[in-house]
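These notes concern the structure reproduced below.
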Amino acid sequence: MSSESEIVQIQDVVKDFRPGFGLRKKRVLHGITFGVKAGEIFGFVGPNGAGKTTTLKVLMGLIRATSGTAKILGHDITETAFRSEVGFLPENAYFYDYLTGRELLDFYARLSGVDSSIRAKRVDTLLDWVGLSHAGDARIRTYSKGMAQRVGIAQALVHDPSVVFLDEPMSGLDPIGRKEIRDLIIRLRSEGKTVFMNTHILSDVEMVCDRVAIIVHGKIRYQGHTQEFLDDGEHQCEIMVSGVEPEVAARLEEQHGAELRGVGARVEMTVPEKKVEAVLESVLAARGRVLSVTPHRVSLESIFLDAVREEEA
Ligand SMILES: Nc1ncnc2c1ncn2[C@@H]1O[C@H](COP(=O)(O)OP(=O)(O)OP(=O)(O)O)[C@@H](O)[C@H]1O
Ligand SMILES: [Mg+2]
């Protein structure tokens, strides 16, 4: 895809921090390059301290990169006019908790210049959108974490931006809260918005993100489509059987390319997906029992762990 359709472009971005006066500078981003395409949900994944929030702060213009360029919607991030197209949920967002959800959203709508004639309606729509209509008039201090996170996402959307940046939107949430936020993010995409999210919750990434980049120690170690690794053609299956004589096991190895582990009561084997039926038939014909058949998927977790190990090697 051409770079014009990239909504976010980061090119060779380096960030050094000086931890204190006279102390040696510490390089946190080592020249990172990646792009986010229009209408996708992009997951920026990495272990604690990898540089995700720092990258997002550079993009939001909160800190300056030491070198390199970053653009959003084709504008250099040092420009300000395009910011009305950008929504942002900071990491561990803290909101004035003596305000009600409705007051908070009204406050942010004023800040971002939403016209007074449509503001009240916009706030109502957003409360409904994030499922907080019933709690709009309760103070935020009475909200659960999931509710606070949802009001935070509503806050990022008050001015109807086309790109939304979320730093750890699922952190601290229980499985129900995470599902609610995932559903919201998917809804944002269905409205044509582009979503960039930082996270280290890999199962959420597998469920919602179209593409991911993995950052480890300030370097991009992997980029790819989520579908590519969840669905990459040559699958293997793990089959566990019992009651198989050694000569039958040997035949499975020879005829079907099964990789066997353990003999005796239980035999475990890895088999190419297309051989699974033949292997099962042979086992049953030899009066063996099939205990389990488990498709083996390449998971984001294995890619993530490889990326971290490679960087640390
Ligand atoms: N203002 C700062 N001064 C010095 N070092 C900093 C500063 N901000 C961040 N760092 C360092 O930069 C590195 C990356 O931090 P960052 O917050 O970007 O990580 P992260 O990937 O968002 O991690 P987490 O998953 O924990 O949120 C860390 O080692 C952190 O200590
Ligand atoms: Mg962070």
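Quick note: to get my numbering, add 21 to the position in the sequence shown (first position is 1).
All C-beta atoms, glycine included, are put in the ideal place defined by N, C-alpha and C.
Note that the coordinates shown come from a computational prediction; the quantities given were computed from them, not determined experimentally.
*Report all residues from its chain with a CB closer than 8 Å to the CB of residue 172; omit the five preceding and five following residues, and keep chain order.*
116, 122, 125, 126, 151, 153, 161 and 164
*Entirely enclosed beta strand (DSSP E) segments - the segment 251-334, minimum 3 residues*: 257-263, 280-282, 287-293 and 310-317
*Could you round the C-beta distance between residue 34 and residue 79 to whole angstroms and report it? I think they count as a contact, below 8 Å.*
6 Å
*Just reading off the alpha helix (DSSP H) that residue 79 is part of, what are its end residues?*
73-80
*Determine contact between the segment 204-212 and the segment 33-50, defined as no fewer than three beta-carbon pairs at a distance below 8 Å.*
no
*Distance, Cα to Cα, residue 157 vs residue 148?*
7 Å
*Determine the closest residue to residue 333 out of 273, 238 and 294, with distance taken between C-alpha atoms.*
238
_Check your reading: residues with Cβ closer than 7 Å to ligand 2 heavy atoms_ = After applying the 7 Å Cβ criterion, the set is 73, 74, 112, 188, 189 and 219.
*Is residue 167 near residue 194, with beta carbons less than 9 Å apart?*
yes
*Rounded to a whole number of angstroms, what is the C-alpha to C-alpha distance between residue 307 and residue 276?*
15 Å
*Residue range of the beta strand (DSSP E) that residue 55 falls in?*
47-58
*Anyone know if the C-beta pair for residue 112 and residue 146 falls short of 9 Å?*
no
*Out of curiosity, what's the CA-to-CA distance linking residue 313 and residue 227?*
25 Å
_alpha helix (DSSP H) runs wholly inside the segment 107-174, at least 4 long, in chain order_ = 122-132 and 137-150
*Distance between residue 107 and residue 175 (C-alpha atoms, nearest Å)*: Computed Cα separation, rounded: 13 Å.
*Beta carbon of residue 43: closer than 8 Å to some heavy atom of ligand 1?*
no
_residue 245, DSSP secondary structure in three states_ = strand
*Closer than 8 Å: residue 82 CB and nearest ligand 1 heavy atom*: No, the beta carbon of residue 82 sits no closer than 8 Å to any heavy atom of ligand 1.
_Beta-carbon contacts of residue 22 that lie in its chain and below 7 Å, excluding the five residues immediately before and after_ = Summary for residue 22: the model assigns pLDDT 44, below 50, so the residue's position carries little reliability; its value from the coordinates is reported in the next sentence. Here the set comprises 58.
*Which one of 295, 94 and 297 has the shortest CA to CA distance from residue 183?*
94
*With DSSP collapsed to three states, give me the class of residue 28.*
strand
*DSSP three-state call for residue 204: helix, strand or coil?*
helix
*asked:* Give me, in chain order, the residues of the same chain whose beta-carbon lies closer than 6 Å to that of residue 38; leave out the 5 immediate sequence neighbours on both sides.
replied: 47 and 49
*Please determine if the segment 210-225 and the segment 58-73 are in contact, where contact requires at least 3 C-beta pairs separated by less than 8 Å.*
yes
_When you measure from the CB of residue 236 to every non-hydrogen atom of ligand 1, does any distance come out below 8 Å?_
With a cutoff of 8 Å, residue 236 counts as near ligand 1, since its C-beta is closer than that to a heavy atom of the ligand.
*Less than 9 Å separating the beta-carbons of residue 244 and residue 55?*
yes
*Between the beta-carbon of residue 331 and the beta-carbon of residue 232, is there less than 9 Å?*
No.
*Cα-Cα, which of 87, 292, 294 and 61 is closest to residue 51?*
Per the Cα distances, 87.
*Is residue 240 near ligand 1, judged by its Cβ being under 8 Å from some heavy atom?*
Relative to ligand 1, residue 240 has its C-beta separated by 8 Å or more from all heavy atoms.
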